[in-house]
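If you count the sequence shown from 1, you need to add 860 to reach the numbering used here.
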Amino acid sequence: MKIGLAVYEFKNNDPTFNISQIEKAMGGVQGIVDLLCFGESFLQGFDSLVWDYERDKNAAVSANSETMERLCGLTLKYGVDLLIGYMERSSEKIYSSCALIEKGKLVHNYRRISKGWKEYTITDEHYCEGSETDEISYRGRLFRIALCGDLWDYPEKFKTTGVLIWPIYVNFGEGDWARYEAEYVQQAGLAAKKTLLINSISHDPDAIGGGFCFEDGRIKDRLSYGTEGVLTVDI
């Protein structure tokens, strides 16, 4: 199995642009990877919410929305499965979530369990965290999904003998990564022998992205910072 880690630019509050980025990346890896993974909240952009529920409920999308149906359709069009971070609206609640779409169907929806995705000192009961960290089977292999701060706050909940997929968003420059790379490798090693980390590129604020394969406590492979691309990992 081949997994692609898509380090692409998103624009906040511009899902049309972000979906075009998803489709561009899928077209580029058609016939090459089985699963293409994007960073945390890529669909709307990490800083797309303003913490006013009456406004934010229109930015978030449900798991059965037309937007998600469109993404499901793209997996059939390109023959590439998709893992995508997004702001999810479910009933009167908003989550930072991650959808796994396989052959046109949303087969797993993970909700971030740590609260660092939101301005929790000013948000109300509409902005929620999930509670489940289930191990999942995908194409005969075991996986867990953790979103950004999950692995810092609750590493014990993500232990797996399979592969950990870790979509994050940090607005790091190259100097930041130079200081913190080793800490990310170490933290991932608390949960899994093999971790795939994806961070998106952004210009509001500036973030140079990052795509890594961590294995046995070291960086096995990576993408160059600041350039859109897909890191292909054999599983």
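All C-beta atoms in this analysis are idealised placements derived from N, C-alpha and C, irrespective of residue type, glycine included.
Counting the other Cβ atoms within 10 Å of the Cβ of Y1044 gives 16 or more, which makes it buried.
With a cut-off of 8 angstroms on Cβ pairs, the stretch 954-971 is in contact with the stretch 920-932, counting three or more such pairs. Judged by DSSP secondary structure, V1023 falls within the beta strand (DSSP E) whose first and last residues are V1023 to I1028. Assignment of beta-bridge partners to F1074 by DSSP yields T1055 and I1079. V1090 carries a strand assignment under DSSP once its states are collapsed to helix, strand and coil.
Annotation for K965: no alpha helix (DSSP H) segment contains it, though the beta strand (DSSP E) segment containing it runs K965 to R971. Closest in C-alpha terms to K871, from the list V889, M861, G899 and Q890, comes G899. Pairing Y868 with I882 gives a Cβ-Cβ distance under 9 angstroms. Looking at the backbone, the Cα of L909 and that of I944 are separated by about 17 angstroms. Contact annotation: the stretch 884-900 does not touch the stretch 909-924, with fewer than three C-beta pairs closer than 8 angstroms. Residues of the same chain with a CB within less than 7 angstroms of the CB of P1065, apart from the 5 flanking positions on each side, are N1031 in chain order. In terms of Cα proximity to S901, the closest of L1091, S957, T983 and V1090 is S957.
In the DSSP assignment, V867 falls outside any alpha helix (DSSP H) and within the unbroken beta strand (DSSP E) covering K862 to V867. Looking at the DSSP output, D984 bridges to nothing.
Straight-line spacing of the CA atoms in T1021 and E995 works out to 10 angstroms. Rounded to the nearest whole angstrom, the C-alpha separation of K1017 and R972 is 12 angstroms. Cβ atoms of H986 and Y913 come within 8 angstroms of each other, at about 4 angstroms.
Apart from the 5 residues on each side of it in sequence, Y1014 sits with its Cβ closer than 7 angstroms to the Cβ of I973 and S974 in its chain, given in chain order. Taking 8 angstroms as the upper bound for CB-CB distance, W911 and E979 are in contact here, some 5 angstroms apart. The beta carbon of F1074 is closer than 6 angstroms to those of V1045, A1048 and T1055 in its chain, skipping five residues each way along the sequence. In the DSSP assignment, I944 falls outside any alpha helix (DSSP H) and lies within the beta strand (DSSP E) extending over D941 to S950.
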